[in-house]
Amino acid sequence: ELFFSNLTEEIIAACVDENKENLAIVKHLLNKLKKAHIRSTIINNKIRPDGRKLDEIRPIEIQVGLLPTPHGSALFTRGETQSLGIITLGTANDEQTIDGLEETYSKDYYFHYNFPPFSVGEVGRIGTGRRELGHGALAERALKPIIPLKDHFPYTLRIVSEILESNGSSSMASVCSGTLALMDCGVPIKAPVSGIAMGLLIEN
Numbered sequence: 001e002l003f004f005s006n007l008t009e010e011i012i013a014a015c016v017d018e019n020k021e022n023l024a025i026v027k028h029l030l031n032k033l034k035k036a037h038i039r040s041t042i043i044n045n046k047i048r049p050d051g052r053k054l055d056e057i058r059p060i061e062i063q064v065g066l067l068p069t070p071h072g073s074a075l076f077t078r079g080e081t082q083s084l085g086i087i088t089l090g091t092a093n094d095e096q097t098i099d100g101l102e103e104t105y106s107k108d109y110y111f112h113y114n115f116p117p118f119s120v121g122e123v124g125r126i127g128t129g130r131r132e133l134g135h136g137a138l139a140e141r142a143l144k145p146i147i148p149l150k151d152h153f154p155y156t157l158r159i160v161s162e163i164l165e166s167n168g169s170s171s172m173a174s175v176c177s178g179t180l181a182l183m184d185c186g187v188p189i190k191a192p193v194s195g196i197a198m199g200l201l202i203e204n
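So the sequence shown is numbered by the working numbering: it starts at 1 and just counts up by one.
And the structure:
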């Protein structure tokens, strides 16, 4: 990364005009060359930019029962991505009401995903956008098959994933922290679920 950073500065100093009118074009071309070099290195040398082999994953750390108040909690860390999973149990009165265009119904299991700007070193407003909705729905669907039926476990389940740090695949880290939080809570899940993101590179 330091090599690319130094090289970028040298090329910008040599190629960008005084008024910096072509700065955006130079940066765009540099980014394309950088991606092509990384892609070629992975395909030809079977090694990724951080030094890992193709079958290696980032270091994983797990802690459960961190928070005393919620019914279940788990901290899942994979490399520089960290998800704090929190689960709360409720009654039928706590079911989530979905007021859709075609029908209105309630859910006794739902998953909320929060991605604050500080998790990627940025400053900004904390809110709910497409990313939060999409990743939350993805994690919710991943865990739904293991949630016990209401006849066997008559509680409303709310899982929250707080992303504390992110450097790739925070949605899959949320699946892992969600599973761990369910087990910490004592929910009789059908089987544990883990999530992992996979990149795809195809030779030209």
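Glycine included, every Cβ here is placed at the ideal spot set by N, Cα and C.
Treat the numbers as computed from the prediction; the structure is a model and nothing was measured.
Would you kindly work out how many angstroms separate the C-alpha atoms of residue i and residue j, rounded to a whole number?
i, j, result
"residue 190", "residue 174", "18 Å"
"residue 194", "residue 41", "29 Å"
"residue 181", "residue 25", "47 Å"
"residue 172", "residue 7", "34 Å"
"residue 14", "residue 44", "30 Å"
"residue 159", "residue 153", "15 Å"
"residue 70", "residue 27", "47 Å"
"residue 198", "residue 19", "42 Å"
"residue 16", "residue 23", "6 Å"
Look up residue i in the DSSP assignment and say whether it is helix, strand or coil.
i, result
"residue 152", "coil"
"residue 140", "helix"
"residue 95", "coil"
"residue 158", "strand"
"residue 11", "helix"
"residue 132", "helix"
"residue 146", "helix"
Specify, as a first and last residue, the run of the beta strand (DSSP E) that residue i falls within.
i, result
"residue 64", "60 to 64"
"residue 114", "109 to 114"
Tell me where the alpha helix (DSSP H) around residue i begins and ends.
i, result
"residue 184", "170 to 185"
"residue 88", "Counting along the chain, residue 88 falls outside any alpha helix (DSSP H), though it belongs to the beta strand (DSSP E) covering 81 to 90."
"residue 40", "23 to 45"
Determine the closest residue to residue i out of the options, with distance taken between C-alpha atoms.
i, options, result
"residue 196", "35, 168, 140, 80", "168"
"residue 143", "152, 157, 151", "157"
"residue 80", "202, 170, 201, 52", "170"
"residue 87", "185, 192, 9", "185"
"residue 178", "201, 200, 150, 137", "137"
Practice task
Taking 8 Å as the threshold, find out whether the stretch 113 to 131 comes into contact with the stretch 65 to 75 through three or more Cβ pairs.
Solution key: They do not touch, by the three-pair rule.
Exercise for the section: Indicate whether the contact test is met: 3 or more Cβ pairs, each with one atom in the stretch 37 to 48 and one in the stretch 158 to 169, closer than 8 Å. Expected result: These segments do not touch.
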